[in-house]
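Reading through the structure tokens given below for one structure.
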Amino acid sequence: MAENEHDTKGVTKGLVVLLVLVVVAVTAVLFWPSGEKPDDKKPSTATVDELPPPTSRDLYVQHCAACHGENGDGRGAAAAYLFPKPRDLRAGRFRLVSTSNNVLTPEDLEAMLVRGMPGSSMPSWAHLSEEDRAGLAKEVLRLRAEGARETFVRVLKEEDELTDEEIAEPAVQKEIEAYVKRFTTPGESSEVPEFGEPDSEAIARGKELYVKQSCHSCHGKEGKGDGVQKQFDAEGFPTRPRDYTKGIFKGGHDPASLYRRIAYGMPGTPMPGAAKATPQERVDMVHFIRSLSDEKTREAAVLKRRHLVVKRVEKIPAGSDGWSSISAAGIQAIPLWWRDGADPDLQVQAVHDGKQIAIRLSWRDGSEDTHAARTESFEDAVAVELYRGDAEPFIGMGGPKSPVDVWFWDADRQTQQLVENTYPNTVVDVYPFSEKVVTTASFDRPGAKTPDQPEVSLPARASGNPIVPTGAESGASSLSVGGPGTVTFRIPQSQLVTADGQYIDDRWNVVMTRSLSVKSKSDGVSLEAGTRASIAFAIWDGAQRDRDGKKLVTIWNDLELEK
Amino acid sequence: MFFARAVQPSCFPAQFEQETSEMRLQRLASLVIFSLVAGIGCDNDSGSSKSPSSSSPSPSSTATSPAPSSSAPSSSAPSSSTAATPAPQPSKDTVAEVKDGWGSLKGKFIYDGSPPEPSPLTITKDREVCGKLNLVDESIVVNKENQGLANVVVFLYLKRGQDPPQSHESYAETADARVELDNKQCRFEPHVCLLRTSQTLVIKNSDSVGHNTNIAAKNNASFNQTVPAGSELEHKFTETERRPATVGCNIHPWMTGWVLPQDTPYFAVSGKDGEFEIKDLPSGTWTFQVWHEKARSIGNIEVNGKAAKWSKGRVDVTITADAITDFGDIKFSEDLFQ
Chain F
1 MAENEHDTKG VTKGLVVLLV LVVVAVTAVL FWPSGEKPDD KKPSTATVDE LPPPTSRDLY
61 VQHCAACHGE NGDGRGAAAA YLFPKPRDLR AGRFRLVSTS NNVLTPEDLE AMLVRGMPGS
121 SMPSWAHLSE EDRAGLAKEV LRLRAEGARE TFVRVLKEED ELTDEEIAEP AVQKEIEAYV
181 KRFTTPGESS EVPEFGEPDS EAIARGKELY VKQSCHSCHG KEGKGDGVQK QFDAEGFPTR
241 PRDYTKGIFK GGHDPASLYR RIAYGMPGTP MPGAAKATPQ ERVDMVHFIR SLSDEKTREA
301 AVLKRRHLVV KRVEKIPAGS DGWSSISAAG IQAIPLWWRD GADPDLQVQA VHDGKQIAIR
361 LSWRDGSEDT HAARTESFED AVAVELYRGD AEPFIGMGGP KSPVDVWFWD ADRQTQQLVE
421 NTYPNTVVDV YPFSEKVVTT ASFDRPGAKT PDQPEVSLPA RASGNPIVPT GAESGASSLS
481 VGGPGTVTFR IPQSQLVTAD GQYIDDRWNV VMTRSLSVKS KSDGVSLEAG TRASIAFAIW
541 DGAQRDRDGK KLVTIWNDLE LEK
Chain E
564 MFFARAVQPS CFPAQFEQET SEMRLQRLAS LVIFSLVAGI GCDNDSGSSK SPSSSSPSPS
624 STATSPAPSS SAPSSSAPSS STAATPAPQP SKDTVAEVKD GWGSLKGKFI YDGSPPEPSP
684 LTITKDREVC GKLNLVDESI VVNKENQGLA NVVVFLYLKR GQDPPQSHES YAETADARVE
744 LDNKQCRFEP HVCLLRTSQT LVIKNSDSVG HNTNIAAKNN ASFNQTVPAG SELEHKFTET
804 ERRPATVGCN IHPWMTGWVL PQDTPYFAVS GKDGEFEIKD LPSGTWTFQV WHEKARSIGN
864 IEVNGKAAKW SKGRVDVTIT ADAITDFGDI KFSEDLFQ
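Line order of the protein sequences matches chains F and E. Per this note's numbering, residue 1 is the first one in the first sequence, and the count goes up by one each step. Per this note's numbering, residue 564 is the first one in the second sequence, and the count goes up by one each step.
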């Protein structure tokens with residue numbers, strides 16, 4: 001019965017569509033002035049400035065959807081590469097709360113967007129305007145409300161076996177509304193007391209309370225996060241108590257933020273609140289916890305935007321010499337799949353001579369991994385992400401409407417570790433009817449293609465696969481990317497970046513060079529002396545099995561080219 | 564659907580009637596009409612009624628007890644579906660006049676099969692305190708003497724939008740009582756804690772080690788607080804829960820308990836002999852939710868030796884005034900706990 005009805009519906013729908021089309025066509029014929037096709041109308045003169053400002057929904061889709069998913073369920077395309085996992089915004093188990101009922105306030109969200117979440121891949125969104133961040137907070141809370149409704153309706157259907165009709169009834173609707181309201185209306189927020197300067201007595205009291213409140217059970221006697229072996233969050237993912245000596249605090253390291261974590265706990269994690277502790281006791285505990293790290297360490301965990309000046313020079317330094325006089329900017333890079341102590345101390349220098357730009361990247365890497373041919377081997381690599389424009393696109397490699405220019409250097413390509421050197425003969429296909437007969441056993445041949453063999457016997461190279469080394473490259477590649485999962489190597493004519501990488505004293509030093517300006521958009525982003533651009537970086541550590549989206553990233557930084 | 568026959572206290576065992584063919588037809592008809600109206604396929608006929616109290620015939624016709632007849636179900640549920648619902652709806656004003664009186668419900672849960680030996684828990688933390696207590700898994704507690712199954716929760720199931728019934732005056736005194744949930748000897752005492760939303764949960768820690776109490780409620784805000792050794796803290800639930808919520812301690816992950824806040828006082832948990840009693844229920848036909856932590860979906864069971872089928876652990880029982888309605892022996896086969 002249901003199927004028949006469906007069919008009927010389909011036919012009816014088809015008829016309606018047909019009718020509308022006919023009416024439109026007739027109207028068009030009747031009312032279009034003769035000789036003028038719609039295409040002949042004046043091209044739109046609207047510029048970017050005149051377009052309506054993006055809605056909070058647009059902003060969300062642009063900046064958040066890649067990780068948190070378009071509907072906020074935490075299952076965006078990039079989520080697989082991230083740990084800790086992006087929050088399921090619909091489920092509402094927000095960790096960084098400041099109210100008695102664990103419901104987020106817009107202020108909680110906005111503060112978090114400025115700060116990001118140290119210890120996770122959630123970056124700072126300080127580069128967005130305050131208005132945009134407020135819009136994003138609004139959209140997140142809207143998704144949460146939608147999620148609450150969805151959860152409740154699912155219970156009604158599955159547990160109470162209500163039908164859609166029964167759910168539509170006023171009494172049930174009222175109950176749904178009450179539920180949604182309950183889980184989206186922030187509860188009371190207790191006043192955070194004034195913090196004095198920590199003295200040794202307060203710290204000693206805090207240390208005592210730290211044990212009394214059982215903090216040590218998970219965070220360890222010395223606060224190193226080694227109190228328990230295994231813990232899981234509400235989503236079932238492994239989680240660990242914070243190591244206080246590392247100074248990484250997801251919800252901010254300022255005393256007031258830490259006070260709230262102690263007062264309210266972190267919903268969705270094993271971290272409980274200390275409701276019974278008095279305000280003074282919480283203050284003392286904050287002083288003790290902060291005494292386990294110093295301000296410099298704590299600040300180092302918070303992503304900050306840097307200003308990188310591209311110095312105008314007479315002549316770009318040749319090779320690795322001549323860079324010592326150029327000032328370097330330290331830029332924080334964080335792993336998308338978190339590991340403590342991963343900070344590679346990235347130092348960036350840049351110069352231009354009016355024609356060429358050279359960017360020197362220097363970072364710490366405990367091992368030189370130049371070999372990626374074996375399945376179990378991964379290479380070191382670095383990438384520069386460039387964008388020119390006012391509103392910076394999504395930090396994760398832009399988006400479909402705002403692609404970014406990526407300069408990529410990888411150690412394997414530079415050192416020309418051909419696959420056939422690793423696995424002799426494995427990559428060379430034999431085409432018995434088009435090749436000269438190989439008289440000796442195949443294992444007698446050298447690994448690489450012999451002159452007797454046609455190019456087609458190296459299929460990847462023959463088909464122009466840009467990842468395949470061809471023997472005369474610097475290790476640099478130029479890529480165009482319009483969002484995660486869209487990395488595209490430019491065509492050979494547009495490969496204008498060259499690079500030189502040196503591994504010295506546990507550090508990689510890579511200089512990437514390109515002409516300042518490029519002819520067309522398909523060559524990348526054109527740079528110009530006296531202007532600015534936005535720049536971000538990514539680093540892969542082969543020893544950590546980094547590849548693809550498993551990498552370290554930075555936020556957007558300013559690139560200012562001297563006149 | 565079952566109707567418990569009312570009996571006088573300590574009198575005859577109750578008998579449970581199978582659904583009569585007439586009733587089944589009626590229900591079937593309503594379902595068919597329902598699907599027609601809704602335009603959906605009928606894919607859910609697991610034996611549950613969409614509106615149990617409204618389609619129930621008056622219990623007085625079948626009651627054999629000398630107790631005064633309870634002529635109308637005291638449910639105040641609004642019409643929940645369509646015109647296809649056969650039975651007339653009780654009007655709102657029948658709620659106030661529970662003049663028919665009050666009755667109790669009792670019964671006994673029996674574990675059918677050889678109960679699993681309680682397995683020792685792995686003590687991973689505070690071994691010097693918790694490691695000496697020979698703690699065992701409490702998810703299935705069976706009395707070996709009589710096969711009685713403990714920790715089965717029975718509580719009044721209210722349909723969505725249905726107002727809770729009036730509480731008997733005997734409950735007034737304890738309306739704002741403090742109900743204790745103790746962290747004692749590295750376990751929760753009681754294992755299943757029931758309370759009214761008007762009451763206060765007192766979370767105690769009688770141990771010499773610190774605990775935290777993490778309650779994963781669904782309708783109430785999440786709750787997770789530290790309970791330092793020897794201290795206690797109070798908590799009030801604002802909302803009723805439809806299922807017991809898990810209680811855990813993240814410091815001692817083996818600790819498991821359950822807490823069920825309810826708007827009504829009509830709930831009970833079976834004791835060590837598997838027996839339970841809910842006193843002073845308003846007379847009439849009510850749906851009860853039966854829950855056990857390991858038997859998440861109680862379907863096929865046995866009541867007083869007869870096979871029976873519940874849906875999602877729900878069963879309709881008619882409470883007769885001034886009598887104890889005896890549910891009888893409710894047997895859960897060991898398959899239910901797999």
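Idealized CB from N, CA, C, for every residue including glycine. Just so we're clear, the structure is a prediction, and the values are computed from it rather than from any experiment.
Report the option in the options whose CA atom is closest to the CA atom of residue i.
i               : options                           : result
N783 of chain E : F:A111, F:G196, F:P267 and F:N557 : F:P267
I289 of chain F : F:L89, F:K224, F:S189 and F:G147  : F:K224
W407 of chain F : F:L162, F:I359, F:P193 and F:D226 : F:I359
V742 of chain E : E:L796, E:G891, E:R859 and E:D889 : E:L796
D826 of chain E : E:D739, E:T760, E:W873 and E:G773 : E:T760
K722 of chain E : E:F890, E:V878, E:F895 and E:K894 : E:V878
Q414 of chain F : F:H352, F:S477 and F:L136         : F:S477
C812 of chain E : E:S833, E:H798, E:P824 and E:N787 : E:N787
T803 of chain E : E:V699, E:F895, E:T776 and E:A780 : E:A780
P393 of chain F : F:I555, F:V309, F:R90 and F:T151  : F:I555
P335 of chain F : F:L303, F:S325, F:V313 and F:V228 : F:L303
P106 of chain F : F:E131, F:A137 and F:M122         : F:A137
Helix or strand or just coil, what does DSSP make of residue i?
i               : result
P484 of chain F : coil
Y179 of chain F : helix
Q356 of chain F : strand
G865 of chain E : Before going further, note that residue 865 of chain E is Glu rather than Gly in the sequence given. If DSSP states are grouped into helix, strand and coil, E865 of chain E belongs with the strands.
Y829 of chain E : coil
V313 of chain F : coil
C218 of chain F : helix
G273 of chain F : strand
I203 of chain F : helix
S733 of chain E : helix
Q544 of chain F : helix
Rounded to the nearest angstrom, what separates residue i and residue j at their Cα positions?
i               : j               : result
E897 of chain E : A713 of chain E : 14 Å
N557 of chain F : T55 of chain F  : 25 Å
A886 of chain E : Y829 of chain E : 16 Å
D726 of chain E : P193 of chain F : 43 Å
A529 of chain F : K311 of chain F : 10 Å
W540 of chain F : A381 of chain F : 5 Å
Q762 of chain E : S702 of chain E : 26 Å
D345 of chain F : V810 of chain E : 45 Å
D340 of chain F : P753 of chain E : 41 Å
G483 of chain F : G265 of chain F : 35 Å
V553 of chain F : W508 of chain F : 16 Å
S526 of chain F : A373 of chain F : 34 Å
I357 of chain F : K315 of chain F : 10 Å
V692 of chain E : S771 of chain E : 8 Å
R306 of chain F : Y387 of chain F : 15 Å
G396 of chain F : V283 of chain F : 38 Å
D689 of chain E : R364 of chain F : 41 Å
S442 of chain F : C67 of chain F  : The pLDDT assigned to S442 of chain F is 46, lower than 50, so where the model puts this residue is not dependable; a value taken from the coordinates is nonetheless given after this. Rounded to whole angstroms, S442 of chain F to C67 of chain F spans 49 Å at the Cα level.
C215 of chain F : D321 of chain F : 52 Å
Looking only at DSSP bridge pairs, what is residue i linked to?
i               : result
C749 of chain E : Its beta-bridge partners do not exist; DSSP assigns none.
L336 of chain F : BP columns for L336 of chain F are empty, so no partner.
Y387 of chain F : F:S534
V742 of chain E : E:L764
T850 of chain E : E:Y720 and E:D879
V822 of chain E : E:C756 and E:A808
Y674 of chain E : E:F895
Under the criterion of a Cβ to heavy atom distance below 6 Å, does residue i qualify as lining the ligand ZN?
i               : result
E732 of chain E : No copy of the ligand ZN occurs in the structure displayed, which carries no ligand at all.
Taking only beta carbons into account, state which residues of the region 695–706 of chain E come closer than 8 Å to chain F, listed in chain order.
-> Taking 8 Å as the cut-off between beta carbons, none of the residues of the region 695–706 of chain E comes near chain F.
The region 774–789 of chain E: which residues have C-beta closer than 9 Å to a C-beta of chain F, in chain order?
Only H774, N775, T776, N777, A779, K781, N782, N783, A784, S785, F786, N787, Q788 and T789 from the region 774–789 of chain E bring a Cβ to less than 9 Å from some Cβ of chain F.
ask   = Between the region 811–829 of chain E and chain F, which residues of the former have CB atoms less than 7 Å from a CB of the latter, in chain order?
value = Of all residues in the region 811–829 of chain E, N813 and I814 have a Cβ within less than 7 Å of some Cβ in chain F.
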